[in-house]
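Mapping of the sequence shown onto UniProt numbering: residues 1 to 268, in sequence order. Where is the CB? At the ideal position from N, CA and C, for every residue including glycine. The structure displayed is predicted, hence computed values, not measured ones. Here is the structure we will look at.
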Amino acid sequence: MGNGSDSVDEAARDAGRRQRANVPHLFGSAAGRGAGGGFPVLYVLDANSVIGTVVEAVRLQGRSRDGQGSPAVVVGLGYDEEVPFATARLTDYSLPMTVEELPPFSRGGEWPRQGGADDFLRFVLEEVRPMVESMATVNRERQAILGHSLGGLFVLHALYTRPDAFSTYLAGSPSIDWYKRLIFAEEQAFVTQLQPGGKRKHVLIGVGEEEQTHPTRINEHARGVAERLGAFADCGLDVQFEQFARENHISVLPVFISRAVRLFLRSV
Numbered sequence: 001m002g003n004g005s006d007s008v009d010e011a012a013r014d015a016g017r018r019q020r021a022n023v024p025h026l027f028g029s030a031a032g033r034g035a036g037g038g039f040p041v042l043y044v045l046d047a048n049s050v051i052g053t054v055v056e057a058v059r060l061q062g063r064s065r066d067g068q069g070s071p072a073v074v075v076g077l078g079y080d081e082e083v084p085f086a087t088a089r090l091t092d093y094s095l096p097m098t099v100e101e102l103p104p105f106s107r108g109g110e111w112p113r114q115g116g117a118d119d120f121l122r123f124v125l126e127e128v129r130p131m132v133e134s135m136a137t138v139n140r141e142r143q144a145i146l147g148h149s150l151g152g153l154f155v156l157h158a159l160y161t162r163p164d165a166f167s168t169y170l171a172g173s174p175s176i177d178w179y180k181r182l183i184f185a186e187e188q189a190f191v192t193q194l195q196p197g198g199k200r201k202h203v204l205i206g207v208g209e210e211e212q213t214h215p216t217r218i219n220e221h222a223r224g225v226a227e228r229l230g231a232f233a234d235c236g237l238d239v240q241f242e243q244f245a246r247e248n249h250i251s252v253l254p255v256f257i258s259r260a261v262r263l264f265l266r267s268v
């Protein structure tokens, strides 16, 4: 953590400058924008590792029977590093835990600064989103965010703290265990604000079957979130939980993305 708010803000700005929003990919024709008008948008975390898989899933699944396609914009949020998972994500997607509450850093040395999720979410909504809207006519009522692992935790954080920012929240293998104290508090605050007949939101939480043996109890935590949120269907929450057979924490990515894109396209 920083020594004060100024140092934290400076670190957050540095994280924002490290980000790059990949050029949005548009599929389909303007004639197929749908009754709501404008293209639906899918924001993708960890674009360095998964943007190609997401783009292909949207391209293939987005084809309508007449061959014209279901239009969508895919926005990749990545880093200017040629690695699948940049170290900066450990700041940008995380909640403000103290390093004393975390296990030893698996890469050796000290943990990167924690707690950049709010700053990164503001970056997406206040800097990236206007850029996307300047490039394409978008449907503000049909927007989704997809993330996996620590990115999955970020997706839940976005749902709990900015529930009106997106219509669909796609969380794969969310890293709940290390941050469970804070994310559970956010969940509790979120559900207390829900009202019957609320605006419909789609939530998908997916895990790999082989993650059941993961020391951070990924499946148990993820299933618990889905069950608790699923109790609020009358408040507009459409919550789905999927456990994908014979997949582990990394191999689950393509199948989770396929399922997430399918839900996203069906909900637009």
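Please classify residue i as buried or exposed, where buried requires at least 16 neighbouring CB atoms within 10 angstroms.
i, result
"Leu-253", "buried"
"Gly-62", "buried"
"Glu-185", "It is Ala, not Glu, that sits at residue 185 in the sequence shown. Ala-185 is exposed by the Cβ-count criterion."
"Glu-126", "exposed"
"Gly-109", "exposed"
"Ser-94", "buried"
"Gly-172", "buried"
"Val-83", "exposed"
"Arg-89", "buried"
"Gly-52", "exposed"
Could you please give the first and the last residue of the uninterrupted beta strand (DSSP E) stretch that includes residue i?
i, result
"Phe-241", "237 to 244"
"Arg-140", "138 to 148"
"Pro-254", "From DSSP, Pro-254 is part of no beta strand (DSSP E) but of the alpha helix (DSSP H) over 252 to 266."
"Gly-52", "Taken as a continuous stretch (DSSP letters only), Gly-52 belongs to no beta strand (DSSP E), being part of the alpha helix (DSSP H) at 47 to 61."
Who are the near neighbours of residue i in its chain, counting only those whose CB is closer than 6 Å to its CB and skipping five residues on each side?
i, result
"Asp-66", "Caution is warranted here: a pLDDT of 49 is assigned to Asp-66, below 50, making its placement in the model unreliable, and the coordinate value is therefore given only provisionally. Cβ within range, chain order: n/a, list empty."
"Asn-219", "Val-207, Glu-211 and Gln-212"
"Pro-40", "Ala-72, Asn-139, Arg-142 and Val-268"
"Leu-45", "Leu-77, Gly-147 and Gly-151"
"residue 269", "Outside the displayed span of the chain (1 to 268) sits residue 269, for which this structure offers no information."
"Phe-105", "Trp-111"
From residue i to residue j, what does the alpha carbon distance come to, in whole angstroms?
i, j, result
"residue 269", "Arg-142", "Because the chain is modelled from 1 through 268, residue 269 falls outside the range shown and cannot be assessed."
"Val-75", "Glu-209", "29 Å"
"Gln-243", "Ile-250", "14 Å"
"Phe-256", "Ala-245", "11 Å"
"Val-99", "Asp-118", "18 Å"
"Pro-96", "Ala-260", "28 Å"
"Ile-183", "Glu-133", "30 Å"
"Gly-198", "Ala-165", "14 Å"
Apart from the five residues on each side of it in sequence, which residues of its chain come closer than 8 Å, Cβ to Cβ, to residue i?
i, result
"His-221", "Pro-174, Ile-176, Asp-177 and Lys-180"
"Thr-161", "Asp-118, Leu-121, Glu-186 and Phe-190"
Terminal residues of the continuous alpha helix (DSSP H) containing residue i?
i, result
"Lys-180", "180 to 192"
"His-221", "218 to 230"
"Phe-120", "117 to 123"
"Ala-171", "Element bounds for Ala-171: not the alpha helix (DSSP H) but the beta strand (DSSP E), 168 to 172."
Checklist entry - Where in the stretch 72 to 111 do unbroken runs of the beta strand (DSSP E), each at least 3 residues long, occur, reported from the N-terminal end onward? => result 72 to 79
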